[in-house]
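Q: Quick one: the structure is below, and I'll ask about it shortly.
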Amino acid sequence: MRKERGMRFCFLCLLILTLATGCASGPMYPSAMFRDYSGMTKQYDLDHVRIAPGTDFSAYNTILISPVDTSSLMMTNLDLEDQKEVTSKLLENFRAEMSRHFSMVATKSSDIGQGQKALRLDLGMTEMEGTNVMLNMMVGFSSGNAKATFEGRLVDLEAGTEVVAFADRKKGFPFGSKKEFWDHSFIAPEYSKLKYLLLFTEIWAENVGNIVKSLKTGHPSVGKGK
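Residues 25 to 250 (this note's numbering) make up the sequence shown, in order.
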């Protein structure tokens, strides 16, 4: 009887912890890229955006995309191979998106000609937690959901000054239903672990692409919320 009460108490504690952590929006994890998020506002479906006033975006026709920085990764349940898959997908999506807005997408500075007006895109991830399928199915209450935090900035390559800064945190199920996700999880649980992290990278690339597009056309959509 005492053992049964003890098990019930442990389950209750787990349930309370799940409710406290799983249902909250969760913290952002600042990296060395930004000291803080001051001056940033929620725009373009991103939690934090800062745009330098008076920048002539139409002058830029080249962008250099740096490797994804994970040196400040504070939260992850992924091994190095899975982390690499997520960061590779982030780069792939950003290269595809930026190619729609710039005539040249470079991977190294030597590709950029002298006097060419260019931006550098820095990207980083500070949180990368894949979906814990079993925890989500057995406990629920948003426990085990995928969570990820990324941030980045566009920097004038010649002057070294920040033009645009952004950061965002996503979690949960951005598309489809939980039933659809769970049905697929029985077939390919390893794919399901990364599925939503990979979808987050697509969303972020599109969001930042919308910033670039609006600034290049001179019609910024400031204040666009989620």
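Glycine is no exception: its CB is placed at the ideal position from the N, C-alpha and C atoms.
Following the continuous beta strand (DSSP E) through Gly148, name the residue where it begins and the one where it ends.
A: From DSSP, the beta strand (DSSP E) with Gly148 extends over 142-153.
Q: Report the start-end ranges of each beta strand (DSSP E) in the stretch 63-143 that is 3 residues or longer and not cut off at the edges.
A: The stretch 63-143 contains these whole beta strand (DSSP E) runs: 65-67, 70-75, 86-93, 128-130.
Q: Looking at C-alpha atoms only, which residue of Met57, Ala170, Thr241 is the closest neighbour of Val92?
A: When only C-alpha atoms are compared, the closest one is Met57.
Q: Taking the C-alpha atoms as reference points, what is the distance between Ile188 and Lys108?
A: One point to set straight first is that residue 188 is Val, not Ile, in the sequence displayed. The straight-line gap from Cα to Cα measures roughly 26 Å.
Q: At which residues does the alpha helix (DSSP H) containing Thr241 begin and terminate?
A: Here the alpha helix (DSSP H) through Thr241 covers 213-241.
Q: Rounded to the nearest angstrom, what separates Ala191 and Leu70 at their Cα positions?
A: Their backbone Cα atoms lie some 7 Å apart in a straight line.
Q: Here's a check: name, in chain order, each residue in its chain whose Cβ is nearer than 7 Å to the Cβ of Ser82, leaving out the five neighbours to either side.
A: Within the same chain, Ser82 has close Cβ partners Lys240.
Q: On the criterion of 16 or more Cβ atoms from any shown chain inside 10 Å, does Lys195 qualify as buried, or is it exposed?
A: Classification of Lys195: buried, given that the 10 Å Cβ count is 16 or more.
Q: Is it right to say Gly148 is buried, meaning 16 or more other beta carbons lie within 10 angstroms of its own, or is it exposed?
A: So Gly148 counts as buried.
Q: Run the CB neighbour count on Gln67, radius 10 Å, all protein chains shown included, and call it buried at 16 or more, exposed below.
A: With 16 or more other Cβ atoms within 10 Å, it is buried.
Q: Assuming the contact rule is C-beta atoms closer than 8 Å, Thr173 and Arg144 should be a hit. Round their C-beta distance to whole Å, please.
A: With 8 Å as the limit, Thr173 and Arg144 do not qualify as a contact, their Cβ atoms being about 21 Å apart.
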